[in-house]
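*Asks:*
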Amino acid sequence: AKGKFTYDPGFVSTASCESKITYIDGGAGILLHRGYPIEQLAENSDFLETSYLLLHGELPTQEEKDKFVNTITHHTMVHEQLAQFFKGFRRDAHPMAVMIGVVGALSAFYHDSLDINDARHREIAAHRLIAKMPTLAAMVYKYNIGQPFMYPRNDLGYSENFLHMMFNTPCEEKEVNPVLARAMDKIFLLHADHEQNASTSTVRMAGSTGANPYACIASGIAALWGPAHGGANEAVLRMLDEIGDETQIDKYLAKAKDKNDPFRLMGFGHRVYKSYDPRATVMKKTCDEVLAELGLEDDPQLKMAMKLEKIALEDEYFKSRGLYPNVDFYSGIILKAIGIPTELFTVIFATGRTPGWIAHWNEMLANDYRIARPRQLYTGYAKRDYPKK
Ligand code: SDX
Numbered sequence: 038a039k040g041k042f043t044y045d046p047g048f049v050s051t052a053s054c055e056s057k058i059t060y061i062d063g064g065a066g067i068l069l070h071r072g073y074p075i076e077q078l079a080e081n082s083d084f085l086e087t088s089y090l091l092l093h094g095e096l097p098t099q100e101e102k103d104k105f106v107n108t109i110t111h112h113t114m115v116h117e118q119l120a121q122f123f124k125g126f127r128r129d130a131h132p133m134a135v136m137i138g139v140v141g142a143l144s145a146f147y148h149d150s151l152d153i154n155d156a157r158h159r160e161i162a163a164h165r166l167i168a169k170m171p172t173l174a175a176m177v178y179k180y181n182i183g184q185p186f187m188y189p190r191n192d193l194g195y196s197e198n199f200l201h202m203m204f205n206t207p208c209e210e211k212e213v214n215p216v217l218a219r220a221m222d223k224i225f226l227l228h229a230d231h232e233q234n235a236s237t238s239t240v241r242m243a244g245s246t247g248a249n250p251y252a253c254i255a256s257g258i259a260a261l262w263g264p265a266h267g268g269a270n271e272a273v274l275r276m277l278d279e280i281g282d283e284t285q286i287d288k289y290l291a292k293a294k295d296k297n298d299p300f301r302l303m304g305f306g307h308r309v310y311k312s313y314d315p316r317a318t319v320m321k322k323t324c325d326e327v328l329a330e331l332g333l334e335d336d337p338q339l340k341m342a343m344k345l346e347k348i349a350l351e352d353e354y355f356k357s358r359g360l361y362p363n364v365d366f367y368s369g370i371i372l373k374a375i376g377i378p379t380e381l382f383t384v385i386f387a388t389g390r391t392p393g394w395i396a397h398w399n400e401m402l403a404n405d406y407r408i409a410r411p412r413q414l415y416t417g418y419a420k421r422d423y424p425k426k
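38 is the number of the first residue of the sequence shown in full-length UniProt numbering; add one for each residue after it.
Printed below as a string of structure tokens:
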């Protein structure tokens, strides 16, 4: 057990490690989706076009994009029976608990008509999931606040439709602010994929057993929930609330460095990036745009986040460990400005990450894959006999 661990592909399916979808260079802060830099996609593309790219490997022609958008739009409704599932949850249940339940429940509606070895069937499942996640996310929110569910509208764009389902009611349908719709779309885009992180690896692991894609995505949502992963965006806002004001920043930075203190600087650090997360750079720019549009440039939490970032980036402890803001550091401030409640932040992350999850699932199923079986390093007892009576 103490010897050098040798890699034995017989045990860990090589297909569950190989991928052509996303490349990250953590030292240089590079993130490419099918070769395209995230900064260029954020500037020139949109969430559905990037979803198409992740799924199919190439940017769509205008005709392919129109067809894809039309397909997604016409699959945004969920089965009426699915609405009944919500009634079993307490109204104050954490939105991620409900999301795991209702996305997993999609299996009960579609799994028997799905042959995961058929590429067309896999594409249909991908379309259904990308289309229905925002509808389910909005239903989770409406259930939580006791308002009626809003149906999706086919005359609205993907992110505009999501904000319509979130904030409109049968009594009053207001036009969605296009700046907020664009910001929402950029947040979905920036979360769309990130190589084989904890939740994506969970989806691939579940998929390698032949489980249906709806159950696999539900397993990814479960893995994403943790505060070390997708739950960090919610944790950043709670951390900023806990710090309270700028005079407390030094005290909390000291806590973050204290190994005996469980406090960590949420939204900072990364398993791969030891430089600035390129998504955080785009997210910060989007944050400035949204807050300026809403006249919230003096938002106290934004000001505190910027001060915290400035001090931390100059601090030797964080610099020496390559701890920089990650995708979650600013996303929560934008989501809060859009009007999304803190408890829903990770549901938004899951909605944005769905194309990445399902692209990885599809990529593995399309290749010669085997069930994933990670090797362990056994450090327990050697064989020993049961004591004689
Ligand atoms: C996401 O993998 C992905 O791609 C994930 C993600 C995606 O898109 O899917 O990018 C999304 O999950 C982003 C990360 C969101 N999580 C947070 O913001 C939570 C706060 N961050 C930390 O919990 C932490 O940075 C992790 C979990 C993200 C990484 O943990 P690691 O790998 O243990 O960190 P590390 O090995 O780089 O740590 C090096 C050192 C350690 O100290 P030493 O033992 O060297 O003395 O830095 C310390 C850590 O204790 N450290 C922190 C810290 N993060 C690491 N100290 C204070 N605050 C932090 N945030």
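Note that beta-carbon positions come from the ideal geometry of N, C-alpha and C, so glycine has one too.
1. Our contact map puts Gly393 next to His231 with C-beta atoms below 8 Å; I'd like the distance itself, whole angstroms only.
2. For the ligand SDX, any of its heavy atoms closer than 6 Å to the Cβ of Asp365?
3. Should Ser256 and Ala235 be called a contact, given that it needs their Cβ atoms to be closer than 7 Å?
4. Who are the near neighbours of Gly40 in its chain, counting only those whose CB is closer than 6 Å to its CB and skipping five residues on each side?
5. Would you check whether the ligand SDX has a heavy atom nearer than 6 Å to the C-beta of Gly304?
6. If contacts are defined as beta-carbon pairs under 8 Å, then Ala387 and Met203 qualify, I think. What distance do you get, rounded to the angstrom?
7. Under 7 Å, do Ala396 and Ile67 count as touching if we go by C-beta distance?
8. Under 8 Å by Cβ, that's how I've got Ala317 and Phe366 pegged, so tell me the actual separation to the nearest angstrom.
9. Excluding the 5 residues flanking Glu283 on each side, which residues of the same chain have their C-beta closer than 7 Å to its C-beta?
10. Let's test the definition: count the other Cβ atoms within 10 Å of the Cβ of Cys324 and tell me whether it reaches 16, buried, or not, exposed.
11. Taking 6 Å as the cut-off, is the CB of Asn214 close to at least one heavy atom of the ligand SDX?
12. Nearest-angstrom Cα distance between Pro46 and Phe123?
13. What ranges does the alpha helix (DSSP H) occupy inside the stretch 49-122, keeping only unbroken runs of at least 4 residues that lie completely in it?
14. For the alpha helix (DSSP H) containing Ala272, name the first residue and the last one.
15. Which runs of the alpha helix (DSSP H) fall wholly inside the stretch 134-159 and span at least 4 residues, in chain order?
16. Start and end of the alpha helix (DSSP H) containing Thr416?
17. Thinking C-beta only, is Ala260 closer than 7 Å to Thr246?
18. Considering Cα atoms alone, identify which of Gly332, Met221, Asn107 and Thr172 is closest to Met320.
19. For Phe146 and Asp192, I'd like the C-alpha separation in whole angstroms.
20. Using the rule of at least 16 other Cβ atoms within 10 Å of the residue's Cβ for burial, across every protein chain shown, is Phe48 buried or exposed?
21. Please report how far the alpha carbon of Phe84 lies from the alpha carbon of Lys223, in whole angstroms.
22. Thinking C-alpha only, which one of Val216, Phe186 and Asn399 is nearest Asn205?
23. Residues in its own chain within less than 6 Å of Met276 by CB, not counting five upstream and five downstream?
24. Please state whether DSSP places Glu209 in a helix, a strand or coil.
25. For Arg165, which option in Leu143, Ala174, Tyr60 and Ile375 has the closest C-alpha, if you only look at C-alpha atoms?
26. Within 10 Å of its beta-carbon, does Met114 have 16 or more other beta-carbons around it, so buried, or fewer, so exposed?
27. Going by Cα to Cα distance, which pick from Lys425, Tyr289, His266 and Gln99 is closest to Arg390?
28. Should Leu274 and Gly369 be called a contact, given that it needs their Cβ atoms to be closer than 7 Å?
29. For Phe366, name the three-state secondary structure that DSSP assigns.
30. Run through DSSP, which three-state label would Phe305 get?
31. By DSSP, does Met187 sit in helix, in strand, or in coil?
32. By Cβ distance below 6 Å, which residues in the same chain neighbour Tyr44 in space, the five residues on each side in sequence not counted?
33. Measure the C-alpha to C-alpha separation of Arg128 and Ile167 and round it to an integer number of angstroms.
34. Shortest alpha-carbon distance to Asn198 belongs to which of Pro97, Val106, Asp335 and Ser56?
35. Work out the CA separation of Asp62 and Pro74 for me, nearest whole Å.
36. Express the C-alpha separation of Glu95 and Ser56 in angstroms, rounding to a whole number.
*Replies:* Taking the definition as stated:
1. On the sequence shown, residue 393 is found 356 positions in, with the first residue counted as 1. On the sequence shown, residue 231 is found 194 positions in, with the first residue counted as 1. Correct: roughly 7 Å between the Cβ atoms.
2. Taking the first residue of the sequence shown as position 1, residue 365 is located at position 328. Asp365: yes, Cβ under 6 Å from the ligand SDX.
3. As a working mapping, residue 256 is identified with position 219 in the sequence shown. As a working mapping, residue 235 is identified with position 198 in the sequence shown. Taking 7 Å as the Cβ cut-off, Ser256 and Ala235 do not qualify as a contacting pair.
4. What you label residue 40 is simply residue 3 of the sequence shown in a count that begins at 1. Confidence at Gly40 is low in this model, with a pLDDT of 42, below 50, so its placement is unreliable and the value that follows should be read with caution. Closer than 6 Å at Cβ, skipping near neighbours: no residue.
5. Locating residue 304 in the sequence shown gives position 267, counting from the first residue. True, at least one ligand heavy atom lies under 6 Å from that Cβ.
6. Stepping through the sequence shown from its first residue, residue 387 is reached at position 350. Stepping through the sequence shown from its first residue, residue 203 is reached at position 166. Incorrect: roughly 15 Å between the Cβ atoms, too far for contact.
7. As a first step, residue 396 is located in the sequence shown; it is residue number 359 there, counting from the start. As a first step, residue 67 is located in the sequence shown; it is residue number 30 there, counting from the start. Not in contact: Ala396 and Ile67 (Cβ atoms no closer than 7 Å).
8. Within the sequence shown, the letter at position 280 stands for residue 317. Within the sequence shown, the letter at position 329 stands for residue 366. Ala317 to Phe366, Cβ: 6 Å. Contact.
9. The residue you call residue 283 lines up with position 246 of the sequence shown. So the list reads Met341 and Lys344, once near-sequence residues are dropped.
10. As a position in the sequence shown, residue 324 is number 287, starting the count at 1. Under this definition Cys324 is a buried residue.
11. Working through the sequence shown from its first residue, we reach residue 214 at position 177. No; taking the cut-off as 6 Å, the Cβ of Asn214 has no heavy atom of the ligand SDX nearer than that.
12. The residue labelled residue 46 in the question sits at position 9 within the sequence shown. The residue labelled residue 123 in the question sits at position 86 within the sequence shown. Since pLDDT at Pro46 reaches only 46, below the 50 mark, its modelled position is unreliable, and the value read off the structure follows with that caveat. Going by the C-alpha atoms only, they are around 43 Å apart.
13. 75-81, 84-93 and 99-110
14. Here residue 272 corresponds to residue number 235 of the sequence shown, with the count starting at 1. Taken as a continuous stretch (DSSP letters only), the alpha helix (DSSP H) holding Ala272 covers Ala269 to Ile280.
15. 144-147
16. Here the question's residue 416 lines up with position 379 in the sequence shown. Here Thr416 belongs to no alpha helix (DSSP H), and DSSP marks it neither H nor E.
17. Locating residue 246 in the sequence shown gives position 209, counting from the first residue. Locating residue 260 in the sequence shown gives position 223, counting from the first residue. The answer is no: Cβ separation not under 7 Å.
18. Translated into the one-based positions of the sequence shown, residue 320 becomes position 283. The shortest Cα separation from Met320 among Gly332, Met221, Asn107 and Thr172 belongs to Met221.
19. Here residue 146 refers to the residue found at position 109 of the sequence shown. Here residue 192 refers to the residue found at position 155 of the sequence shown. When rounded, the distance between both Cα atoms is 26 Å.
20. Stepping through the sequence shown from its first residue, residue 48 is reached at position 11. Note that Phe48 scores a pLDDT of 43, beneath 50, so its modelled location is shaky; the value from the coordinates is reported in the next line. It counts as exposed.
21. In the sequence shown, counting from the first residue as 1, residue 84 sits at position 47. In the sequence shown, counting from the first residue as 1, residue 223 sits at position 186. So the alpha carbons of these two residues sit roughly 7 Å apart.
22. As a working note, residue 205 is residue 168 in the sequence shown. Of the listed residues, the one whose Cα sits closest to Asn205 is Phe186.
23. Residue 276 sits at position 239 when you count from the first residue of the sequence shown. So the qualifying residues of the chain are Met303.
24. By one-based count along the sequence shown, residue 209 stands at place 172. Reduced to three states, the DSSP call for Glu209 is strand.
25. Sequence index remark: in the sequence shown, residue 165 carries index 128 (1-based). Closest option to Arg165, Cα to Cα, is Leu143.
26. The residue given as residue 114 occupies position 77 in the sequence shown. It is exposed - the Cβ of Met114 has fewer than 16 other Cβ atoms within 10 Å.
27. Position 353 of the sequence shown holds residue 390. Of the listed residues, the one whose Cα sits closest to Arg390 is His266.
28. Start at 1 with the first residue of the sequence shown, and residue 274 comes out as number 237. Start at 1 with the first residue of the sequence shown, and residue 369 comes out as number 332. In contact: Leu274 and Gly369 (Cβ atoms closer than 7 Å).
29. Reading the sequence shown from its first residue, position 329 is the one you call residue 366. Looking at Phe366 - three-state DSSP - the assignment turns out to be helix.
30. As a first step, residue 305 must be located in the sequence shown, where it is residue number 268. Of the three classes helix, strand and coil, the one that applies to Phe305 here is strand, per DSSP.
31. Here residue 187 refers to the residue found at position 150 of the sequence shown. It is coil, neither helix nor strand.
32. One-based indexing of the sequence shown puts residue 44 at position 7. Here the model assigns Tyr44 a pLDDT of 43, short of 50, so the residue's position is not dependable, and the following value carries that caveat. Excluding positions up to five away in sequence, the list is empty.
33. Taking the sequence shown and counting its residues from 1, one reaches residue 128 at position 91. Taking the sequence shown and counting its residues from 1, one reaches residue 167 at position 130. Cα to Cα, the separation comes out at about 25 Å.
34. The residue given as residue 198 occupies position 161 in the sequence shown. Checked all of Pro97, Val106, Asp335 and Ser56; the closest Cα to Asn198 is Val106.
35. Within the sequence shown, residue 74 is the residue found at index 37, counting from 1. Within the sequence shown, residue 62 is the residue found at index 25, counting from 1. Straight-line Cα distance between these residues: approximately 11 Å.
36. The residue you call residue 56 lines up with position 19 of the sequence shown. The residue you call residue 95 lines up with position 58 of the sequence shown. When rounded, the distance between both Cα atoms is 15 Å.
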